[in-house]
Amino acid sequence: MGITEIAGLILLGVLIVIAYFAWRRIRLLREGGVHVALRSQFDDRGRGWHLGVGHYRGDSFAWFRVLSLGSGPNELIPRDGLEIDARREPTGPEAYAMPIGATVLRCRSASGEVEIAMGPDALTGFLSWLESSPPGRSIPWAS
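As numbered in our numbering, the sequence shown has no gaps in its residue numbers, which increase by one up to the final residue, 138.
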């Protein structure tokens, strides 16, 4: 096998991986997903954000990282017990990793703290989903 064949196989492999990521993202968006950036490890320098697609699954918000080979969600955030601690605009260094016009929500649940950044339309949908919890549950507005 010559060097051109090896380079061709490597290029083919890279193209297959890129096609898989694109197919996965498009499939998630067509199934009602929204563009969401998420971070669970907080950093004052604006690091730790990962782009992904959020999808509502009944009483859970499933988040799929864009660059992940896994087929399941990378984070599963249950609606029950989810509270919004703070809402803010993104800082300069972190704005690169977020949807345009994003608002950052710092949320707390039984599984820990997480920050979610989403655009205005996705934010409206997320807040509506959070408010529409079944009867008997309190609405989790901390701020």
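Quick reminder that beta carbons are idealized off the backbone N, C-alpha and C, glycines included.
Sequence-distant residues of its chain with Cβ nearer than 6 Å to residue i (five each side left out)
i	result
Asp51	Inspection of the sequence shows that residue 51 is occupied by Tyr rather than by Asp. Cβ within range, chain order: Trp124.
C-beta contact flag for residue i and residue j at 8 Å
i	j	result
Leu33	Gly53	no
Gly57	Pro68	Residue 57 is actually Ala in this sequence, not Gly. Yes, the pair counts as a contact, with Cβ atoms nearer than the cut-off.
Val99	Arg83	yes
Ile78	Arg103	Here residue 78 turns out to be Glu, not Ile, going by the sequence shown. Yes.
Gly(-3)	Gly28	no
Gly107	Ser35	yes
Ala105	Gly76	yes
Distance between beta carbons of residue j and residue i, contact taken as under 8 Å
i	j	result
Ile95	Val31	Ile95 to Val31, Cβ: 13 Å. No contact.
Arg101	Asp80	5 Å
With 16 other Cβ atoms within 10 Å as the buried cut-off, status of residue i
i	result
Arg42	exposed
Glu89	buried
Ser138	At Ser138, the pLDDT of 44 sits below 50, so the modelled position is not reliable; the number obtained from the coordinates is stated separately. Exposed, by the Cβ-count rule.
Glu70	buried
Gly3	exposed
Leu118	buried
7 Å Cβ shell around residue i - same chain, five flanking residues per side excluded
i	result
Met93	Ala32, Trp44, Pro85 and Ala112
Gly114	His30, Pro94, Ile95, Gly96 and Ala97
Phe121	Met113
Helix, strand or coil at residue i according to DSSP, with G and I counted as helix
i	result
Ser35	coil
Leu62	coil
Thr77	This sequence places Leu at residue 77; Thr is not what is there. Of the three classes helix, strand and coil, the one that applies to Leu77 here is coil, per DSSP.
Thr86	coil
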